[in-house]
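Numbering (my numbering), first residue to last: 2 to 115.
Take a look at the structure:
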């Protein structure tokens, strides 16, 4: 698993600007980016460990417990990112009268809950 390069991009205000590839960009501060990348690096290590466990024929229950741990860690990253998104991008878009962002966030939250 490779971390998406967009995580390294920062800008100072929430905007609908797109980069040259046409993708919308995040605008999180360096501290948030560092925390997200650190967590993703840890999860990446967990996934490599799980793969190794499977290759070594480790007992299934032990592998399943590690998978559960990795899923929980990913959920934590998603919750942190959602919180930052709500407190920045969504807040600013609502202040600018862009109420369609509510439907976008609701769709994302419902997808996360599956």
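By construction, the Cβ of each residue, glycine as well, lies at the ideal position given by its N, Cα and C atoms.
Distance, Cα to Cα, residue i vs residue j?
i: residue 100; j: residue 28; result: 19 angstroms
i: residue 93; j: residue 84; result: 14 angstroms
i: residue 60; j: residue 69; result: 15 angstroms
i: residue 98; j: residue 104; result: 13 angstroms
i: residue 65; j: residue 108; result: 29 angstroms
i: residue 115; j: residue 41; result: 21 angstroms
How many whole angstroms separate the CB atoms of residue i and residue j, which I take to be in contact at a CB cut-off of 8 angstroms?
i: residue 71; j: residue 55; result: Incorrect: roughly 13 angstroms between the Cβ atoms, too far for contact.
i: residue 78; j: residue 91; result: Contact doesn't hold; Cβ gap of about 18 angstroms is too wide.
i: residue 74; j: residue 34; result: Actually they are not in contact, since the Cβ atoms of residue 74 and residue 34 sit about 17 angstroms apart, beyond 8 angstroms.
i: residue 67; j: residue 47; result: 7 angstroms
Beta carbon of residue i, beta carbon of residue j: below 8 angstroms?
i: residue 82; j: residue 37; result: yes
**Asked** Which parts of the stretch 50-93 are runs of the alpha helix (DSSP H), unbroken and 4 residues or longer, counting only runs that do not cross its ends?
**Response** 61-86
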